[in-house]
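Numbering (full-length UniProt numbering), first residue to last: 1 to 295.
1. Distance, Cα to Cα, residue 253 vs residue 101?
2. Thinking C-beta only, is residue 171 closer than 8 Å to residue 292?
3. Should the stretch 273 to 282 be regarded as contacting the stretch 159 to 166, the criterion being three or more beta carbon pairs within less than 8 Å?
4. Return the CA-CA distance between residue 126 and residue 287, expressed in angstroms with no decimal places.
5. Can you give me the Cβ contacts of residue 294 inside the same chain, cut-off strictly under 6 Å, excluding the 5 residues immediately before and after it?
6. Inspect the beta-carbon positions of residue 23 and residue 155 and report whether they are closer than 8 Å.
7. Under 8 Å between the Cβ atoms of residue 360 and residue 242?
8. Where do the N-terminal and C-terminal ends of the alpha helix (DSSP H) with residue 173 fall, by residue?
9. Assuming residue 194 contacts residue 211 (C-beta within less than 8 Å), just tell me the rounded distance between them.
10. Where do the ends of the beta strand (DSSP E) carrying residue 110 lie?
11. Roughly how far, in whole angstroms, is the beta-carbon of residue 217 from the beta-carbon of residue 206, given that I think they are within contact range, below 8 Å?
12. Does the Cβ-Cβ distance between residue 257 and residue 231 come in under 8 Å?
13. What's the C-alpha gap between residue 249 and residue 215?
Written out as structure tokens, the structure reads:
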């Protein structure tokens, strides 16, 4: 973990301190990075870094921001940390440095001087590919950030259901409910498992969805085992997430549990009844229901 003591500048400005991507131009592959759910979090480390970040923010504020916003109402990064000097005696900003903190080394802190910004940086150069628009729109996830363009693809085509097909399926089930009664409808409905984190699930979800965060399944699959054992033998299980990545991994996990005999004790149940919604909730909003919240 680190704190850069120089704030960002306008795109293409190679003066002053670098950004994080300037320092680490080649991040590790996404599949090699352990998630917080798998590796755990050392709470005091997070607290220390939060305090250091707050300190850097205070230093930027007290340095003076004469014109904090541009005409469009966005933060004008070219003015951050640059005080309008009234005379030549105004102090210059400290050279860029890197503060390292490691809880398991002695001493835990060390400071390293840094070079200026990289002219070809993908985040802060004039030709940056990681843009403000990609960040604010939510189209950039960690996998893409680490240079992996293709989304997760671990399931066969017939193990995934496109959002339009799932919508048609649900419309058919609603017709059965209205014409044949709730008894027939109940026997034909699927079980929807939403593997997003609870805070995201609370923002928006399908009406019948059950929330089982993927991070919790990774930490302890007993809850998933118990839930699956209570399902009817031939009940379809539909897994959904935000982008259709974690849902694929969850489908694999469900099938793995059943192969070990730990989830559903019925010989009638087959893997074809367990699938994920291709593209996740984002695809649902884009192709089926524009009114469904997107974040």
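Beta carbons: idealized from backbone N, C-alpha and C, even for Gly.
With the given structure in hand:
1. Residue 253 sits at position 253 when you count from the first residue of the chain shown. Residue 101 sits at position 101 when you count from the first residue of the chain shown. Those two C-alpha atoms are separated by around 36 Å.
2. Locating residue 292 in the chain shown gives position 292, where the first residue counts as 1. Locating residue 171 in the chain shown gives position 171, where the first residue counts as 1. In this structure, residue 292 lies away from residue 171, with their beta-carbon atoms at least 8 Å apart.
3. They touch, by the three-pair rule.
4. Translated into the one-based positions of the chain shown, residue 126 becomes position 126. Translated into the one-based positions of the chain shown, residue 287 becomes position 287. Cα-Cα distance, rounded: 34 Å.
5. As a working mapping, residue 294 is identified with position 294 in the chain shown. Closer than 6 Å at the Cβ level, and outside the excluded window around residue 294, lie 285.
6. By 1-based counting over the chain shown, the position of residue 23 is 23. By 1-based counting over the chain shown, the position of residue 155 is 155. Going by C-beta atoms, residue 23 is not nearer than 8 Å to residue 155.
7. Summary: the structure shown does not reach residue 360, with the chain confined to residues 1 through 295, and so no result is reported for it.
8. Within the chain shown, residue 173 is the residue found at index 173, counting from 1. Unbroken alpha helix (DSSP H) run through residue 173: 163 to 180.
9. Along the chain shown, one-based indexing puts residue 194 at 194. Along the chain shown, one-based indexing puts residue 211 at 211. At roughly 5 Å, the Cβ-Cβ gap stays under 8 Å, so residue 194 and residue 211 are in contact.
10. Along the chain shown, read from residue 1 onward, the residue named residue 110 stands at position 110. 109 to 113 is the span of the beta strand (DSSP E), which, as asked, contains residue 110.
11. The residue labelled residue 217 in the question sits at position 217 within the chain shown. The residue labelled residue 206 in the question sits at position 206 within the chain shown. 18 Å between Cβ atoms; not a contact.
12. Here residue 257 refers to the residue found at position 257 when the chain shown is read from its first residue. Here residue 231 refers to the residue found at position 231 when the chain shown is read from its first residue. Not in contact: residue 257 and residue 231 (Cβ atoms no closer than 8 Å).
13. Mapped onto the chain shown, residue 249 falls at position 249. Mapped onto the chain shown, residue 215 falls at position 215. For residue 249 and residue 215, the distance between alpha carbons rounds to 11 Å.
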